[in-house]
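J.: I have a structure I would like to understand better, so I am pasting it below and will then ask my questions one at a time.
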Amino acid sequence: MTEPRYRILRLLDERQHAGKAGIPTMGEIAEALGMSLRDVSLILKSSEAMGMVAIHRYNGAPEDQFTVFLKSPAYIYLESNQPESGATASESGS
Numbered sequence: 033m034t035e036p037r038y039r040i041l042r043l044l045d046e047r048q049h050a051g052k053a054g055i056p057t058m059g060e061i062a063e064a065l066g067m068s069l070r071d072v073s074l075i076l077k078s079s080e081a082m083g084m085v086a087i088h089r090y091n092g093a094p095e096d097q098f099t100v101f102l103k104s105p106a107y108i109y110l111e112s113n114q115p116e117s118g119a120t121a122s123e124s125g126s
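So the sequence shown is numbered by our numbering: it starts at 33 and just counts up by one.
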């Protein structure tokens, strides 16, 4: 199984390149990957601390509605941590 951080960042990357409307929320990411919101939140917050993502927190909104987008260092991480099988987030996730 692919590392959870890699799966989350790969999903964000795939969504950005597919041109899907809107920035994904933490809740959408958790649902798409079949992960708990708590796990996704912890991974994204640590990824934010490493400068790989930006989390937009909206005053009064629940955490599952916070939006997330990739920052430049995430692409370096994705390139240097590719799984040997070449599986994408959608293939290895849900």
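All residues carry an ideal CB built from backbone N, CA and C; glycine is no exception.
Over what stretch of residues does the beta strand (DSSP E) that includes isoleucine 87 continue unbroken?
T.: Isoleucine 87 -> beta strand (DSSP E) spans 85-88.
J.: What separation, rounded to the nearest whole angstrom, lies between the Cα atoms of phenylalanine 101 and isoleucine 87?
T.: 7 Å
J.: Are the beta-carbon atoms of methionine 84 and lysine 103 separated by less than 7 Å?
T.: yes
J.: If I measure Cβ to Cβ from leucine 41 and keep anything under 6 Å in the same chain, skipping five residues before and after, which residues do I get?
T.: Once the five neighbours on either side are set aside, the close Cβ partners of leucine 41 are Ala106 and Leu110.
J.: Would you call serine 78 buried or exposed, if buried means 16 or more other Cβ atoms sit within 10 Å of its Cβ?
T.: exposed
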